[in-house]
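Take a look at the structure below.
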Amino acid sequence: MALGRYNRVDNNNNKSSSYCSTVTIVIFMGLCLVGIWMITSSWVVPVQNGDDPAEEKKNQLKDQVETVIVDSNDRDNKPQFEDKPNDLRKDGPEKNLDVSLAKDKGKANLAAEENQEKTEEAKWDKSKKDNQQFNSVGGEKNVYNSENLGGQGSENNNEKPHSIKDDKKSGSDYAEKKGDESTSRTYGDKVDKNDDKVSDKRSADQVKKKSSNEDSPKGDKVFDKSFVDQVKKSSNEVFPKGDKVDKNNENGFDKSSDSQVKKSSNEDAPKGDKVFDKSFDDQVKKRSNEVFPKGDKVDKNNDNVFDKSSDSQVKKSSNEVFPSVAQSELLNETMIQNGSFTTQAAESNKEKNAESSSNSSSKDYSWKLCNSTAGPDFIPCLDNCEAIRNLPTNIHYEHRERHCPEVPRTCLVPLPEGYKFPIEWPKSRDKIWYKNVPHSKLVEFKGGQNWLKITGDYLTFPGGGTQFRRGALHYIDFIQQAVPDIAWGKRSRVILDVGCGVASFGGYLFERNVLAMSLAPKDEHEAQVQFALERGIPAVSAVMGTKRLPYPGTVFDIIHCARCRVPWHIEGGKLLLELNRLLRPGGFFLWSATPVYQLKAQDVEIWKAMIEQTKAMCWELVNKTSKEPINKVAIATFRKPTSNECYEQRSQQEPPLCPESDDPNAAWNVPLQTCMHKVPLDPSERGSKWPEEWPARLEKSPYWLLSSQVGVYGKAAPEDLAADNEHWKQVVTKSYMQGMGINWSSVRNVMDMKAVYGGFAAALKDMNLWVMNVIPVDSPDTLPIIYERGLFGIYHDWCESFSTYPRSYDLLHADHIFSRVKKRCNFVAVVAEVDRILRPGGKLIARDDVETITELENMVRSMHWEVRLSYSKDKEGLLCVQKSMWRPTEVETLTYAIA
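Here my numbering = 1-based position in the sequence shown + 1494.
What follows is the structure, encoded as structure tokens:
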């Protein structure tokens, strides 16, 4: 029925049906044409906003920033380093990428305008060839690995190795990555190591120029260079070509400004790429002044991002240089020899048997927390309870001397409960956090002498002392008035303060350009040296007992004792003779103890004995003051002779002169001697003249350093010193100050673990800090040169623990010390000692061979330290790391350290 009905209708209306079909087709075609016209017209609407066609703008941009095809054969034709402000930093694989910068000021506006016009055309379809260029240019693997250097594996081994086949990113991705690596190298910024890819956020003008296999011959590598603003930003930073850097740092955040970084969505990126918004201007500005936010703890499973410096900070690094072996032979430890200098170990002949080297290839380190009676204040060589219990006597303070354990510890010292980042200098001179040094006995013992007080959360220091209750500055000026020849900060530059207490005397001498080596034992005056160090004042824990102090002979301009409780007059003046060894000919001994001004029977007896002893030693009593009205004390000033005439005219040769075989510079584990060394008279001998006044003595070569002597680095000694001095000036100013993101205003206590000539400390002379220059006992004995320059230091064997409290230093500098130490010591124990003496938030800068730097980096990473910079070139490495608050949970009990 239906079929018949429809057939009938068709038969009756055949002509009208054909007419309707024709009309329908015409209308449909018309609608199609209208639709096509509308679609076509919508594509040209954006172009109407500009005066010039987009294609013309695109061509202009091409003229400004050219795409360069790199010829890897040319990479050896250019110098390794050129310290020019307008040079681009050469990052890793891109060795000879030559980018021309247009000088037209309007190009930034052009890029931004085209960015708005072409946002819809931005595609993530760059070819693999850009990434092939990223991996192959340069002919060597120069990749930044924020996890490990020199091919070592990371803690997270689940990441796929980066390869050309796996790399699906565009050329613009590579360029962004290149810029990110630049920032990461310079400031130690790190990103999440689980993010294998970072999507490019640049606008259409930056990705418009496409590269494909059809557009270029096979094997050609073409880069998109149209990142004008970003290139501008990095053009002022110099980074050596071909530098080896950390190869796992494939992630990076582009620090471009808003004009360079526009919105992008995950739909615009290839599948699997992650897109990030990198225009965190507020966060960048906020963190530009915070290198390490105080109180931040390190997450052991996450690589935290450090200081993302602002543009102003980036511009400051325009002269940044990482010195290489090719630039200076001073970087290469293999060049170092003893020259004309003997080693302290040879002089003393008391060096301990070397520990077997611990060069385990394992990358896994299991740290434990030290359990000892001293707890957070543990000093291994001073808190060896077992050794102290076995001493036959302690009449000469043997129990306060160093007694190092036979097996060095590898555990980490705990932090005090509630520990905070220290208060910065100069405020720290007057107050510190009580919880950082939670000891109150000195408040009870010395509160009446204005040593220190507890004020809320702080320990405050009014500036007083046993002999200067009304303030140290008045006491210092009183000494100057009594003996004008002292000339603080000019003639007198380096002094030794024996029995320093909390070191207020040394702390206020900084205002007179004087360096004081403050010294006190770890005794019932609880933590007095720790108080000093927490305040930012140089001090060491030591006692005048049975051994020589670890300093060379005739180096101190002044030695000071303010009621230091040392019995100078007993046993033939043995302890006073040690001061005679340390004091320069013509130097002063300042004594303000009670025998100088009190008339009690005991004081009178001691004063008489001191006069007899100093006369026998040919010391001249220059001045004995009356009581000064404010502090109510008097001072006696003695002067060491500048000739041997008095020695020869003595009726009794007591104390005797030391034999010629006795070396006054031998100080490491050498017993005290009851004799005096002759004053050198030869003009070429050290001690025959007074050094130049400060600050001239810092730069001028010592008069006794002769051209006939061979320096540490093989040159004539004066030339060697000058070259070393210039080298460290360049390194500090062009690299350390600007290239590591260190907030130097927070750095106060510094140690150079192998100082050689003290060049590193000299380069920091204008900074508001001090440097403890350490000369290892197996290194050339150049410590006298350091003192002659107006600096100070100490001998030490790094196979043993240093005589200081935990958390003493803000920065440690280690120049080719670890590669030497690990040959004869337990390297893990040495690193544990570094952890002990460095404060949380403190920095370690290490320069050494790549193998040692890699091993060190693995160890500090296992302690959850932050790697700020890891860099290598020609088998030489540079590492900057920052200690965290992390402490292990597993405990190791040190039986020898339990009372």
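Backbone N, C-alpha and C define an ideal beta-carbon position, used for all residues, glycine too.
This one's a predicted model, so the numbers in the text were calculated from it and none came from an experiment.
Taking DSSP as the reference, what is the three-state secondary structure of A2393?
A2393 falls in the coil class under three-state DSSP.
With DSSP as the reference, label Y2289 as helix, strand or coil.
Correct three-state label for Y2289: strand.
Going by C-alpha to C-alpha distance, which of G2284, C2140, M2170 sits closest to L2192?
For L2192, the nearest C-alpha among the options comes from G2284.
Less than 8 Å between the beta carbons of L1990 and L2076, yes or no?
Yes, they are a contact pair.
Any contact between the stretch 2122-2139 and the stretch 2012-2019? By contact I mean 3 or more CB pairs, one from each, below 8 Å.
Cβ pair count under 8 Å is below three, so no.
Taking only three categories from DSSP, how would you classify G2235?
Here G2235 sits in coil by DSSP.
For D2291, I'd like the list of residues in its chain whose CB is within less than 6 Å of its CB, leaving aside the five on either flank, ordered along the chain.
The answer, listed in chain order, is V2271.
To which residues does DSSP link A2256 through a beta bridge?
None, per the DSSP bridge assignment.
Identify every run of the alpha helix (DSSP H) within the stretch 1866-1919, keeping only runs that are complete inside it and at least 4 residues long; order them along the chain.
Taking only runs of at least 4 residues, the alpha helix (DSSP H) segments lying wholly in the stretch 1866-1919 are 1879-1883.
Mapping the DSSP letters down to three states, classify K2118 as helix, strand or coil.
Reduced to three states, the DSSP call for K2118 is strand.
Starting from L2372, follow its DSSP beta bridges and name the residues at the other end.
Answer by DSSP bridge pairing, in chain order: R2341, Y2365.
Just to confirm, is the Cβ distance from G2287 to V2268 under 8 Å?
In contact: G2287 and V2268 (Cβ atoms closer than 8 Å).
According to DSSP, simplified to helix, strand and coil, what is I2311?
Of the three classes helix, strand and coil, the one that applies to I2311 here is coil, per DSSP.
Under the assumption that R2029 contacts E2072 (Cβ atoms under 8 Å), give the Cβ distance between them as a whole number of angstroms.
Their Cβ separation, rounded to whole angstroms, is 27 Å, which puts R2029 and E2072 out of contact at 8 Å.
In the DSSP assignment, the alpha helix (DSSP H) including N2267 goes from what residue to what residue?
That residue, N2267, is in no alpha helix (DSSP H); its beta strand (DSSP E) goes 2264-2270.
Leaving out the 5 sequence neighbours to the left and right, which residues in its chain are closer than 6 Å to R1480 when beta-carbon positions are compared?
Outside the displayed span of the chain (1495 to 2393) sits residue 1480, for which this structure offers no information.
Any idea what DSSP makes of G2067, helix, strand or coil?
Three-state result, G2067: helix.
Measuring alpha carbon to alpha carbon, tell me which of F2132, K2194, Y1928 ends up nearest I1980.
Nearest C-alpha to I1980: F2132.
Return the first residue and the last residue of the beta strand (DSSP E) that N2219 is part of.
Not the beta strand (DSSP E): N2219 falls in the alpha helix (DSSP H), residues 2211-2225.
What do you get for M1523, buried or exposed, if any count of 16 or more other CB atoms within 10 angstroms of its CB means buried?
Its Cβ having fewer than 16 others within 10 Å, M1523 is exposed.
What residues in its chain sit with their C-beta under 7 Å from that of Y2002, if we drop five residues either side in the sequence?
Taken in chain order, the residues that qualify are G1957, A1966, L1967, I1970.
I'd like to check one pair, E1918 with D2239: are the Cβ atoms closer than 8 Å?
The amino acid at residue 2239 is misidentified as Asp; the sequence shows Ser. Yes, these two residues count as a Cβ contact at 8 Å.
For R1964, which of helix, strand or coil comes out of DSSP?
R1964: coil per DSSP, three-state reduction.
For C2058, which residues from the same chain have a beta carbon less than 6 Å from its beta carbon, with the 5 sequence-adjacent residues on both sides left out?
Correct list, in chain order: V1992, G1993.
Please check the pair V2325 and L2350, which I expect to be a contact at CB under 8 Å, by giving their CB distance rounded to whole angstroms.
The Cβ separation is near 7 Å, so the contact holds.
Work out the CA separation of G1869 and T2383 for me, nearest whole Å.
So the two alpha carbons sit approximately 15 Å from each other.
In the DSSP assignment, the beta strand (DSSP E) including W2113 goes from what residue to what residue?
Run containing W2113: none; DSSP gives neither H nor E here.
Is it buried or exposed for D1877, if we count other Cβ within 10 angstroms and need 16 for buried?
With 16 or more Cβ atoms within 10 Å of its Cβ, D1877 is classed as buried.
Whole angstroms are fine: how far does the CA of E1892 sit from the CA of P2165?
So the alpha carbons of these two residues sit roughly 12 Å apart.
CA-CA distance, M2357 and S2120?
Taking the straight line joining both Cα atoms gives about 57 Å.
DSSP puts S1925 in a beta bridge; with which residues?
With the sequence shown as reference, residue 1925 is identified as Lys, and Ser is not the correct amino acid for it. In DSSP, K1925 forms a bridge with T1954.
Would you identify the three-state DSSP class for N1742, choosing helix, strand or coil?
With a pLDDT of only 41 at N1742, under 50, the local geometry of the prediction cannot be trusted, and no value is derived from it.
With DSSP as the reference, identify every bridge partner of N2243, one or two as the case may be.
Partner(s): W2264.
When you compare each of K2228, I2236, G2235, P2278 to A2257 by their alpha carbons, which one comes out closest?
Residue K2228 is the option with its Cα nearest to A2257.
Would you mind sorting S2201 into buried or exposed? The rule is 16 or more other CB atoms within 10 Å of its CB.
Looking at its Cβ environment, which holds fewer than 16 other Cβ atoms inside 10 Å, S2201 is exposed.
Is it the case that the stretch 2149-2164 contacts the stretch 2232-2252, given that we only count it when at least three CB pairs across the two stretches are under 8 Å?
The answer is no - the stretch 2149-2164 does not touch the stretch 2232-2252, with fewer than three Cβ pairs under 8 Å.
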